[in-house]
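Here's the structure, in structure tokens; my notes come after.
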Amino acid sequence: MKSLRAAEVRTQILFSLFFVVLSLLFLFPVYALLLASFRPGRDLIRFGITLKTLLPRNLVLTYLANLPTAQGGVYPIWFRNSLILVVLQTSFSLLFSSMVGYGLGIYQFKGKNIVLGLVLLVMMVPLQILILPLYRLLIFFKSMNTFHGIILPFIVSPFAIFFFRQFVVGIPLDFVDAGRIDGLSEVGIFFRVMAPLMKPAFGAMAILSALLSWNNFLWPLIVMRTKRMFTLPVGLAGLLTPYGNYYDLLISGSLMATVPIIIVFFLFQRYFIAGLTAGGIKG
Amino acid sequence: MLPFIVSFLVFYLYPLVSTVIMSFQEIIPGQTRFIGLLNYERLMNPFMYKAVWNSFRYTMFTILILIPVPIPLAVMLNNPRNPANAIFRSALFIPTLVSVVVAGTIIRLLFAANPSAIVNTVLGLLGVKPSDWVMGGSATAMALLVGMATWRWTGVNVVYYLSGLQNIPQELYEAANIDGASASYRFFHITIPLLKPTIIFLTTISIFGGFAMFEESYILWSGLAGGGSPNNVGLTMVGYIYLKGFQGGAMGLGSAIGLILFLIVLVVSILQLNLFGFFKREAI
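Line order of the protein sequences matches chains H and C. Heads up, the first sequence is in this note's numbering, so the first residue is 638 and it goes up one at a time. Heads up, the second sequence is in this note's numbering, so the first residue is 2 and it goes up one at a time.
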């Protein structure tokens, strides 16, 4: 038995050595970006990231320090826009999707299965093929270049609806009945009784929705037309041209767009994992 | 509850139906007319074939890497008695958090054409000649796209497989141990078959994600929607929608591409599910 355990320890050490190498390889591009933020952007674009970039010597703080003021202070505006959109999109999507999912999970009504079937159907449709009609819809609603234009298609997410529905189905109906006996309205039951019980589901979906919103690229690229309305990904992508002059902003801006998510990841790691594996792979 | 279902219909169902209708129309501002199958006839051109082929190739390559490779990684990490495993899992996961714009920018800088750029330097030490990865040819360009997907998505798939492994009853392994089964026997006869639901799920997601790829090539080739890439290797089906529908203003044509894309994805998914015996309803 003892030798068996020794063998296990030996395998674990071997595995760990392998994963140390693999982890360093996976983190290397992030490290490269960090160090690149202390180098002149023009050189980086011309020569790429070289060995000299990667050695932590002669670090120049100017590029990061210039971030708030470069190109007329456009970066803080993009950052603010992205932040506003994350907050709006996440809160609306959570509120609406949880209510629809709750309704589909608790109530019996005519056509319920049809609605559920529709939810599953649109989950199957890649959003990319809907962008043309959505674009026409926005023009019709005169919502181009606005925040609500970005959020509207995402205020109900079929995936989140389905996820909330699955979660609600697992909660005993007794809680709803108890609420009714206490004389709460149906809305009251949702907010006072069920919402607290659904907290883990809210956590998982909040993280997922915030991550998707923060990194969302294609839709804001289409909707936002003026520089002051850009989000971080759209703004940064616009700097990535062969004729640009703002490569410092591109590189250090990329770093500062990534750091907040990594911090949030370490704070809420548990919800991240839950949100991503929520797909309901079981069976 | 009704208003939400209504908005749901407006922003999902209406666009879906609308795509179908638009694909039979010619849409010029102020005037829209039905032109039958003309959009589809117009799509029988080398660019469309190229876009379909690129999307297909990219999807197959990413599936070939991202479905099998994370399985042994997850199995190795699935030992709660080694506290370092949680750290490794996080390290593999972090690339997922990086947006496609930032990821593309880093990749371009790491794989720059300059011989002293880091990837060329390292390869130089191994005796490989420096190459222009981004612009040099369709093989290296496709390798970059697939490599970027591998970097960004391996961690997620490992996490999925880890949660799949949690659902495998430990007794199966104990019974196999008593029978004196080797590690490879356990891996191929217990782990892989019992991970089948996860494998099917991830393959389905990869098909959808692979065929919908566009942003990666948009970033690598500076917004030219893949048109600026060597031999148009970055031109994907969604890229072609963007090129025709938004930059070219041919929204009917763009919708037709979208519908073809949707049908291809559906057919490939069904073929895949069939291959895995998903419809046979066998006891998994």
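Where is the CB? At the ideal position from N, CA and C, for every residue including glycine.
Straight-line CA distance for residue 917 of chain H to residue 832 of chain H?
Here residue 917 of chain H is taken as the residue at index 280 of the first sequence, counted from 1. Here residue 832 of chain H is taken as the residue at index 195 of the first sequence, counted from 1. Reliability fails at residue 917 of chain H, whose pLDDT of 38 lies under 50, so the model's placement of it is uncertain and no value is given.
Is the shortest distance between the beta-carbon of residue 673 of chain H and the beta-carbons of chain C less than 8 Å?
On the first sequence, residue 673 of chain H is found 36 positions in, with the first residue counted as 1. Answer yes: the Cβ-Cβ gap between residue 673 of chain H and chain C drops below 8 Å somewhere.
Against residue 276 of chain C, what residues of chain H qualify as contacts under a CB-to-CB distance less than 7 Å, listed in chain order?
Position 275 of the second sequence holds residue 276 of chain C. Under the 7 Å cutoff, chain H gives no residues; its nearest Cβ is about 18 Å from residue 276 of chain C.
With a threshold of 8 Å on Cβ separation, who are the neighbours of residue 670 of chain H within its own chain once the five nearest residues in sequence on each side are excluded?
For the purposes of this step, residue 670 of chain H is taken as residue 33 along the first sequence, with counting starting at 1. Correct list, in chain order: 888, 891, 892, 895.
Helix or strand or just coil, what does DSSP make of residue 865 of chain H?
Translated into positions along the first sequence, residue 865 of chain H becomes position 228. In the structure shown, residue 865 of chain H sits in a helix (DSSP, three-state: H, G or I).
Can you tell me whether residue 1 of chain C is helix, strand or coil according to DSSP?
No answer is possible for residue 1 of chain C: it lies beyond the span of chain C, which begins at 2 and ends at 285.
Just reading off the alpha helix (DSSP H) that residue 151 of chain C is part of, what are its end residues?
Within the second sequence, numbered from 1, the residue matching residue 151 of chain C stands at position 150. Per DSSP, residue 151 of chain C belongs to the alpha helix (DSSP H) from 139 to 167.
Supposed close pair residue 699 of chain H, residue 676 of chain H - CB separation, criterion 8 Å:
If you number the first sequence from 1, residue 699 of chain H lands on position 62. If you number the first sequence from 1, residue 676 of chain H lands on position 39. That belief does not hold up - the Cβ atoms of residue 699 of chain H and residue 676 of chain H are roughly 10 Å apart, past 8 Å.
Please name the residue, chosen from H:869, H:841, H:840, H:842, that lies closest to residue 852 of chain H on a Cα-to-Cα basis.
Within the first sequence, the letter at position 215 stands for residue 852 of chain H. Of the listed residues, the one whose Cα sits closest to residue 852 of chain H is H:869.
For residue 166 of chain C, tell me which candidate among C:151, C:8, C:195, C:273 has the shortest Cα-Cα distance.
Locating residue 166 of chain C in the second sequence gives position 165, counting from the first residue. Nearest C-alpha to residue 166 of chain C: C:195.
Nearest-angstrom Cα separation, counted from residue 752 of chain H out to residue 745 of chain H:
Within the first sequence, numbered from 1, the residue matching residue 745 of chain H stands at position 108. Within the first sequence, numbered from 1, the residue matching residue 752 of chain H stands at position 115. About 12 Å.
Can you list the residues of chain H that residue 239 of chain C reaches, using a CB-CB cut of under 7 Å?
Sequence index remark: in the second sequence, residue 239 of chain C carries index 238 (1-based). Ordered by position in chain H, the residues that pass the 7 Å Cβ test against residue 239 of chain C are 765.
When C:141, C:86, C:134, C:153 are compared against residue 650 of chain H, the one with the closest alpha-carbon:
For the purposes of this step, residue 650 of chain H is taken as residue 13 along the first sequence, with counting starting at 1. When only C-alpha atoms are compared, the closest one is C:86.
What residues of chain H sit near residue 77 of chain C, judged by a beta carbon separation below 8 Å?
Mapped onto the second sequence, residue 77 of chain C falls at position 76. Within chain H, the residues near residue 77 of chain C are 652, 655, 656.
Report the residues of the region 839 to 861 of chain H with a CB closer than 9 Å to any CB of chain C, ordered along the chain.
848, 851, 852, 853, 854, 855, 858, 859
List the residues of chain H whose Cβ lies closer than 9 Å to the Cβ of residue 252 of chain C, in chain order.
Position 251 of the second sequence, counting from 1, holds the residue named residue 252 of chain C. Result: 769, 770, 772, 773.
Are there 16 or more other CB atoms within 10 angstroms of the CB of residue 836 of chain H, so buried, or fewer, so exposed?
Taking the first residue of the first sequence as 1, we reach residue 836 of chain H at position 199. Burial call: exposed.
What's the call for residue 599 of chain H, buried or exposed, on a 16-neighbour Cβ count within 10 Å?
Only positions 638 to 920 of chain H appear in the structure, and residue 599 of chain H is not among them; the question remains open.
Determine the closest residue to residue 119 of chain C out of H:648, H:872, H:843, H:688, with distance taken between C-alpha atoms.
On the second sequence, position 118 is the one that residue 119 of chain C refers to. Cα-wise, what sits closest to residue 119 of chain C is H:688.
Quick one: which unbroken alpha helix (DSSP H) runs of 4-plus residues sit fully inside the region 701 to 757 of chain H? Chain order, please.
707 to 743
Can you round the beta-carbon distance between residue 792 of chain H and residue 733 of chain H to whole angstroms, since I take them to be within the 8 Å contact cut?
For this step, residue 792 of chain H is matched to residue 155 along the first sequence. For this step, residue 733 of chain H is matched to residue 96 along the first sequence. 5 Å between Cβ atoms; contact.
What residue from H:904, H:900, H:886 has the CA that sits closest to residue 710 of chain H's CA?
In the first sequence, the residue the question calls residue 710 of chain H occupies position 73. The shortest Cα separation from residue 710 of chain H among H:904, H:900, H:886 belongs to H:886.
Residue 878 of chain H by DSSP, collapsed to three states: which one?
As a position in the first sequence, residue 878 of chain H is number 241, starting the count at 1. Residue state, collapsed to three classes: coil.
Leaving aside the five residues before and after residue 284 of chain C along the sequence, list all residues of the same chain whose C-beta is less than 8 Å from its C-beta, in chain order.
To locate residue 284 of chain C, count along the second sequence from 1; it is residue 283. Here the model assigns residue 284 of chain C a pLDDT of 42, short of 50, so the residue's position is not dependable, and the following value carries that caveat. So the list is empty, once near-sequence residues are dropped.
Alpha-carbon to alpha-carbon, residue 183 of chain C and residue 204 of chain C:
As a position in the second sequence, residue 204 of chain C is number 203, starting the count at 1. As a position in the second sequence, residue 183 of chain C is number 182, starting the count at 1. If you take the alpha carbons of residue 204 of chain C and residue 183 of chain C, they lie about 28 Å apart.
Report yes or no: do the region 656 to 666 of chain H and the region 677 to 684 of chain H share at least 3 C-beta pairs separated by less than 8 Å?
no
Determine the extent of the alpha helix (DSSP H) in which residue 694 of chain H is found, giving its start and end residues.
Translated into positions along the first sequence, residue 694 of chain H becomes position 57. That residue, residue 694 of chain H, is in no alpha helix (DSSP H); it is neither H nor E in DSSP.
Where does residue 843 of chain H sit, in a helix, a strand or coil, going by DSSP?
Locating residue 843 of chain H in the first sequence gives position 206, where the first residue counts as 1. In this structure, residue 843 of chain H counts as helix in the three-state DSSP scheme.
Beta-carbon proximity check, residue 922 of chain H vs residue 738 of chain H, cutoff 8 Å
The first residue shown for chain H is 638 and the last is 920, placing residue 922 of chain H beyond what the model contains.
Under 9 Å Cβ-Cβ, which residues of chain C neighbour residue 877 of chain H?
Taking the first residue of the first sequence as 1, we reach residue 877 of chain H at position 240. The contacting residues are 102, 105, 106, 109, 220, 223, 224.
Using DSSP's beta-bridge definition, name the partner residues of residue 34 of chain C.
As a first step, residue 34 of chain C must be located in the second sequence, where it is residue number 33. For residue 34 of chain C, which the question treats as bridged, DSSP gives the partners C:27.
Is the Cβ of residue 40 of chain C closer than 8 Å to any Cβ of chain H?
To locate residue 40 of chain C, count along the second sequence from 1; it is residue 39. No, residue 40 of chain C does not count as interfacial toward chain H.
Looking only at C-alpha atoms, which of C:136, C:140, C:64, C:148 sits nearest to residue 104 of chain C?
Walking along the second sequence from the start, residue 104 of chain C turns up at place 103. Closest by alpha carbon: C:148.
Where the alpha helix (DSSP H) containing residue 77 of chain C begins and where it ends
Counting from 1 along the second sequence, the entry for residue 77 of chain C is found at position 76. 71 to 78 is the span of the alpha helix (DSSP H), which, as asked, contains residue 77 of chain C.
So which residues on chain C does residue 663 of chain H lean against when the C-beta distance must stay under 8 Å?
For this step, residue 663 of chain H is matched to residue 26 along the first sequence. Residues of chain C passing the Cβ test: 92, 93, 95, 96, 152, 155, 156.
Quick one, are the C-beta atoms of residue 146 of chain C and residue 663 of chain H less than 8 Å apart?
Locating residue 146 of chain C in the second sequence gives position 145, where the first residue counts as 1. Locating residue 663 of chain H in the first sequence gives position 26, where the first residue counts as 1. No. Outside cutoff.
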